[in-house]
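Student:
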Amino acid sequence: MSNEHEELAHEQDYVSMLYGQLDRMREEASAALGGVRGASGGTRQYLVERDIVARETGSRLARIDAAEDGLCFGRLDLGSAERLYIGRIGIRDEEADGEPLLLDWRAPASRAFYTATSAAPLGVRRRRHIHTRMRTVVGLDDDALDRGVLDELEQVHGGAGSASPLVGEAALLAALTKARTGRMGDVVETIQTEQDAVIRDRLQGILVVQGGPGTGKTAVALHRAAYLLYTHRERLARSGVLIVGPNPTFLRYIGHVLPALGETSAALLTVGELFPGVRARTFDAPHVAEIKGRTEMAAVIDRAVKALRRLPEPDEPLEVVVDGVTYRLDRETCLRAQEKALDTEEPHNVARPVLVDHILEALVDQAAARLTDDPFSGLSAEVLEAIAQDLREHGLAMEGEEIGDGDDALLRVVDRAELRRTLEQEQPVQAALNWLWPELTPQRLINELLSGPFLLDEVAGELAEAEREALRREPGAEWTIADVPLLDEAAELLGAFNAERAARELKRRQEIAYAQGVLDIMAGSRSTDLEDPREEIVSVTDIINAEALADMQAMADLRTVAERAAADRTWTFGHIIVDEAQELSAMAWRVLLRRCPSRSMTLVGDVAQTGDAAGAGSWAQMLEPLVGERWRAVELTVNYRTPSEIMELAAKVLERIDPALRPPQAVRASGVAPVREQVSSEDLPGRLAEVALARQEALEQGKLAVIVPASRAGELTAAVARTLPEASYGALPDLDRRTVVLTARQAKGLEFDSVVLADPEAVAADGPRGENDLYVALTRTTRELTILEVA
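Following this line, the structure appears as structure tokens:
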């Protein structure tokens with residue numbers, strides 16, 4: 001058996017060879033991308049295809065670049081003396097019939113790296129973790145899975161191989177104790193067996209992953225996204241994956257993981273960003289958010305749409321005055337028009353043109369009848385001709401029509417289509433149509449519902465008066481996160497809004513006008529000398545018009561799938577992953593189910609950490625009203641992040657939340673017990689600032705979080721900021737700073753090396769599920785916890 005130095009040298013040679021292959025792949029992709037981008041000319045189809053190839057080649061180059069750091073991290077020695085190297089991407093030897101040199105961690109043959117144990121070795125004799133820094137191999141850790149290899153390891157390392165139930169214990173613990181950076185890193189090198197089972201679970205159906213603090217729920221969810229994009233690339237690359245997180249800070253925290261794994265087909269959004277054009281950041285008061293989150297709000301919005309469709313009273317026709325002429329629309333006519341629109345069973349705005357058509361025909365009938373009424377029959381031919389000429393000048397009569405005798409003389413010269421177009425453009429007619437059946441945007445509908453004086457009372461009778469009063473908002477107020485599902489529900493009921501189509505048509509006209517301007521300039525630059533030989537040269541203006549030029553300039557949509565999906569409310573994703581899924585309201589779930597009709601979802605969370613009043617008390621309570629029993633659940637049981645000393649304290653809070661719940665099992669102890677200090681309420685701001693300063697100075701590397709109750713966030717944050725001006729805080733704190741001040745809700749899903757928790761009793765008292773928030777706050781640290789309790 002060779003010594004350890006020789007083993008390092010051997011692995012260095014192999015890893016260097018792999019990087020050589022990676023460089024070759026990068027050069028080929030870069031050359032291909034340069035060639036594609038340098039190409040010019042050709043048909044519009046050629047240009048579109050060129051840009052598609054450029055986009056795909058660019059994505060391939062991005063995946064190659066993402067694999068640079070930690071390209072190869074593992075090796076499997078199989079019983080047949082075969083060796084398989086595991087890494088971030090797959091590399092094949094193109095000169096040896098495509099023999100695999102490096103297996104992608106997601107490939108089926110790589111799974112044993114994450115699941116083989118001494119009890120179930122799966123044909124693996126040895127699992128080797130290869131640690132690199134840049135392109136240099138700096139260490140090896142071996143797990144022996146049979147007796148023979150254990151004996152070899154004792155000779156080389158002076159001790160037996162790992163017998164821990166953890167996969168790659170040394171590599172895992174090194175990753176866990178490493179200082180935080182303010183950004184989540186991938187865990188592709190240290191995925192554990194129960195995590196791997198979730199990552200590789202089937203695409204179909206709704207998978208619920210229940211996991212307590214530190215079990216790696218978020219990492220599992222992101223690696224599952226990367227795995228699904230790898231194994232179902234053809235399907236998911238077109239439709240994309242949606243990842244929903246609890247807040248923008250969390251999404252920034254996890255934003256580097258998928259790109260580091262070479263994947264860019266995932267859209268990362270919060271609930272407040274699920275309605276294109278709205279980026280809600282504001283929270284409602286908990287009781288208001290809870291009301292907005294109820295499924296009853298869907299029925300309220302439906303009734304609001306219907307309530308805005310009106311009919312005249314039976315004995316009071318709707319009068320429309322145009323140029324001094326009064327038209328009357330009786331209730332029966334308006335009712336028939338509404339019934340015809342409703343018979344289409346289309347959404348409100350889509351059905352509206354049917355009503356408009358019926359009402360305009362009724363108005364045209366009245367206008368035509370006025371032109372052929374008896375009072376005109378006694379007029380002289382000269383007067384009739386003058387009237388007809390006036391009609392022609394206004395586009396209401398056809399040139400050359402003969403004016404005859406009789407009641408229908410003028411009717412024959414009236415062009416009904418032109419008469420209709422003229423009436424439709426009249427403001428009083430538009431006002432009448434909008435009174436009968438208004439064309440609505442989601443924003444206008446929800447504003448009228450929540451800001452209008454009467455509509456909410458009319459359509460929300462199932463809500464108590466106090467609840468309706470709580471929902472009221474000032475006209476034009478900033479949208480809140482809980483408003484977004486209401487806007488989406490409204491959009492679903494309303495259907496397309498013609499203003500969107502009008503905007504597209506306007507943009508198209510502007511493009512054509514711009515192209516015409518270009519052609520005019522080119523034409524104007526030509527010589528006016530008829531004998532100039534340049535006049536014989538064919539110019540672009542001779543072979544193309546403005547519209548065709550505009551088409552050529554409208555290049556293919558080069559946005560990524562994620563960018564296109566995020567901008568399109570009607571986009572349907574191939575898979576949706578929801579982190580902190582227990583926080584979502586019933587109305588938010590309606591939005592997500594519309595985004596994924598296939599019901600292919602991964603939901604990760606912990607019902608013990610539910611902080612939102614509209615959130616779930618149990619997975620069954622949340623899902624069964626939506627999908628019945630068509631979901632499956634798994635549980636992550638091992639806490640890798642939080643030291644056992646801190647989990648003992650957190651477990652007491654968990655028992656108060658629900659005695660039936662059990663905390664995940666911590667796999668390590670830090671040897672540092674939580675520090676608890678009592679301080680008066682008046683002295684808390686100053687003492688908190690002193691402790692935060694001391695903890696930051698003691699923390700040589702890593703990140704410090706100061707978690708404060710929301711009810712005292714202003715004064716406590718200000719005190720810390722005076723002492724630590726470099727600390728970050730606010731609605732979108734910068735996690736790259738060494739110290740950050742957060743509320744418990746902002747800290748959800750994040751982790752830090754050290755945490756200072758201020759006034760835990762106030763945290764627990766702040767909201768309807770304050771104990772859950774306290775449980776979150778206690779479990780954010782990987783090393784040490786300091787608690788300032790108010791005496």
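Residues in the sequence shown are numbered consecutively from 1, following UniProt numbering. Ideal Cβ positions, reconstructed from N, Cα and C, are used throughout, including at glycine.
1. If you measure between the beta carbons of residue 638 and residue 664, is that distance less than 8 Å?
2. Of the choices 647, 745, 686, whose alpha-carbon is the least far from that of residue 671?
3. So for residue 203, helix, strand or coil by DSSP?
4. Take the Cβ of residue 652 as the centre, count every other Cβ of all protein chains shown within 10 Å, and call the residue buried at 16 or more, exposed below.
5. For residue 333, does the count of other Cβ atoms within 10 angstroms reach 16, so buried, or fall short, so exposed?
6. Would you check if there are 3 or more beta carbon pairs closer than 8 Å linking the region 292-304 to the region 475-488?
7. Report buried or exposed for residue 223, applying the criterion of at least 16 other Cβ atoms within 10 angstroms of its Cβ.
8. With a cut-off of 8 Å on the beta carbons, I'd call residue 416 and residue 364 a contact; round off their distance for me.
9. Which residue comes first and which comes last in the beta strand (DSSP E) that contains residue 134?
10. Is residue 3 buried or exposed, if buried means 16 or more other CB atoms sit within 10 Å of its CB?
11. Does the distance between the C-beta of residue 349 and the nearest non-hydrogen atom of the ligand ZN fall short of 7 Å?
12. Excluding the 5 residues preceding and the 5 following residue 91 in the sequence, name in chain order all residues of the same chain whose CB lies nearer than 8 Å to its CB.
13. Would residue 609 be called buried (16 or more neighbouring beta carbons within 10 Å of its own) or exposed?
14. Check residue 234 in the structure and name its three-state DSSP category.
15. Classify residue 188 as helix, strand or coil using the three-state DSSP reduction.
16. Between residue 492 and the rest of its own chain, which residues show a CB-CB distance below 7 Å, the 5 nearest in sequence each way excluded?
17. Any C-beta of chain C sitting closer than 8 Å to the C-beta of residue 196?
18. DSSP on residue 327, reduced to helix/strand/coil?
19. Following the continuous alpha helix (DSSP H) through residue 709, name the residue where it begins and the one where it ends.
20. Just to confirm the assignment, what range does the alpha helix (DSSP H) spanning residue 493 have?
21. Based on the DSSP secondary-structure assignment, which residues constitute the bridge partners of residue 742?
22. Given a cut-off of 8 Å on the beta-carbon distance, is the pair residue 325 and residue 370 in contact?
23. Which residues in the same chain have their Cβ closer than 6 Å to the Cβ of residue 706, if we skip the five residues on either side of it in sequence?
24. Checking 8 Å against the spacing of the C-beta atoms, do residue 789 and residue 655 come in under that value?
25. Grab me the residues of residue 687's own chain with a C-beta within less than 6 Å of its C-beta, minus the 5 sequence neighbours each way, in chain order.
26. Report buried or exposed for residue 306, applying the criterion of at least 16 other Cβ atoms within 10 angstroms of its Cβ.
27. State buried or exposed for residue 681, treating a residue as buried only when at least 16 other CB atoms are found within 10 Å of its CB.
28. Taking the CB atoms as reference points, tell me whether residue 420 and residue 329 lie closer together than 8 Å.
29. Looking at the structure shown, is residue 58 part of a helix, part of a strand, or coil, going by DSSP?
30. Measure the alpha-carbon distance for residue 731 versus residue 292 and round it to whole angstroms.
31. At which residue ranges does the region 76-125 contain complete alpha helix (DSSP H) runs of 4 or more residues, listed in the order of the chain?
32. Between the C-alpha atoms of residue 636 and residue 210, what's the straight-line distance to the nearest angstrom?
33. Checking 8 Å against the spacing of the C-beta atoms, do residue 716 and residue 685 come in under that value?
34. Grab me the residues of residue 753's own chain with a C-beta within less than 8 Å of its C-beta, minus the 5 sequence neighbours each way, in chain order.
35. Can you tell me the Cβ-Cβ gap for residue 792 and residue 767, rounded? I've got them flagged as a contact below 8 Å.
36. Return the Cβ separation of residue 601 and residue 206 in integer angstroms, given the expectation that the two are a contact with Cβ distance under 8 Å.
Tutor: So, to answer that:
1. For the purposes of this step, residue 638 is taken as residue 638 along the sequence shown, with counting starting at 1. For the purposes of this step, residue 664 is taken as residue 664 along the sequence shown, with counting starting at 1. Yes, Cβ-Cβ distance for residue 638 and residue 664 is below 8 Å.
2. Walking along the sequence shown from the start, residue 671 turns up at place 671. Closest option to residue 671, Cα to Cα, is 647.
3. One-based indexing of the sequence shown puts residue 203 at position 203. Coil at residue 203, not helix or strand.
4. As a first step, residue 652 is located in the sequence shown; it is residue number 652 there, counting from the start. By the neighbour-count rule (16 or more Cβ atoms within 10 Å), residue 652 is not buried but exposed.
5. Within the sequence shown, numbered from 1, the residue matching residue 333 stands at position 333. Buried: at least 16 other Cβ atoms inside 10 Å.
6. yes
7. Taking the first residue of the sequence shown as position 1, residue 223 is located at position 223. Residue 223 is buried by the Cβ-count criterion.
8. Within the sequence shown, residue 416 is the residue found at index 416, counting from 1. Within the sequence shown, residue 364 is the residue found at index 364, counting from 1. With 8 Å as the limit, residue 416 and residue 364 qualify as a contact, their Cβ atoms being about 6 Å apart.
9. Residue 134 sits at position 134 when you count from the first residue of the sequence shown. From DSSP, residue 134 is part of no beta strand (DSSP E); its letter is neither H nor E.
10. Stepping through the sequence shown from its first residue, residue 3 is reached at position 3. Burial call: exposed.
11. This structure lacks the ligand ZN; in fact it carries no ligand of any kind.
12. The sequence position of residue 91 within the sequence shown is 91, counting from 1. Around residue 91: 18, 21, 22, 25, 100, 101, 102.
13. Position 609 of the sequence shown holds residue 609. Residue 609 is buried by the Cβ-count criterion.
14. Position 234 of the sequence shown holds residue 234. Three-state DSSP puts residue 234 in a helix.
15. Here residue 188 corresponds to residue number 188 of the sequence shown, with the count starting at 1. Three-state DSSP puts residue 188 in coil, outside helix and strand.
16. By 1-based counting over the sequence shown, the position of residue 492 is 492. Excluding positions up to five away in sequence, the list reads 594.
17. Structure shown: chain C not included; a single protein chain is present.
18. For the purposes of this step, residue 327 is taken as residue 327 along the sequence shown, with counting starting at 1. In the structure shown, residue 327 sits in a strand (DSSP, three-state: E or B).
19. Taking the first residue of the sequence shown as 1, we reach residue 709 at position 709. Counting along the chain, residue 709 falls outside any alpha helix (DSSP H), and DSSP gives it neither H nor E.
20. Numbered from its first residue, the sequence shown carries residue 493 at position 493. Segment 483-494, the alpha helix (DSSP H) holding residue 493.
21. Translated into positions along the sequence shown, residue 742 becomes position 742. For residue 742, which the question treats as bridged, DSSP gives the partners 707.
22. Along the sequence shown, one-based indexing puts residue 325 at 325. Along the sequence shown, one-based indexing puts residue 370 at 370. Contact flag set, yes.
23. In the sequence shown, the residue the question calls residue 706 occupies position 706. Excluding sequence neighbours, residue 706 sits near 692, 720, 741, 756.
24. Taking the sequence shown and counting its residues from 1, the one referred to as residue 789 is at position 789. Taking the sequence shown and counting its residues from 1, the one referred to as residue 655 is at position 655. Their beta carbons are not under 8 Å apart, which means residue 789 does not touch residue 655 by this criterion.
25. The residue labelled residue 687 in the question sits at position 687 within the sequence shown. Hits under 6 Å: 679.
26. In the sequence shown, residue 306 corresponds to position 306, counting from 1. With fewer than 16 other Cβ atoms within 10 Å, it is exposed.
27. Here residue 681 refers to the residue found at position 681 when the sequence shown is read from its first residue. Exposed: under 16 other Cβ atoms inside 10 Å.
28. As a working mapping, residue 420 is identified with position 420 in the sequence shown. As a working mapping, residue 329 is identified with position 329 in the sequence shown. No; because the gap between Cβ atoms is not below 8 Å, this pair is not in contact.
29. As a first step, residue 58 must be located in the sequence shown, where it is residue number 58. Three-state DSSP puts residue 58 in a helix.
30. Here residue 731 is taken as the residue at index 731 of the sequence shown, counted from 1. Here residue 292 is taken as the residue at index 292 of the sequence shown, counted from 1. The alpha-carbon atoms of residue 731 and residue 292 are separated by roughly 22 Å.
31. 112-115
32. Walking along the sequence shown from the start, residue 636 turns up at place 636. Walking along the sequence shown from the start, residue 210 turns up at place 210. Each residue's Cα considered, the two are about 6 Å apart.
33. Counting from one through the sequence shown, the residue named residue 716 turns up at place 716. Counting from one through the sequence shown, the residue named residue 685 turns up at place 685. A contact, by the Cβ cut-off of 8 Å.
34. Counting from one through the sequence shown, the residue named residue 753 turns up at place 753. Closer than 8 Å at Cβ, skipping near neighbours: 179, 180, 699, 701, 702, 703, 704, 781, 782, 783, 784.
35. In the structure as shown, the chain starts at 1 and stops at 791, and residue 792 therefore has no counterpart that could be examined.
36. On the sequence shown, residue 601 is found 601 positions in, with the first residue counted as 1. On the sequence shown, residue 206 is found 206 positions in, with the first residue counted as 1. Confirmed, about 5 Å.
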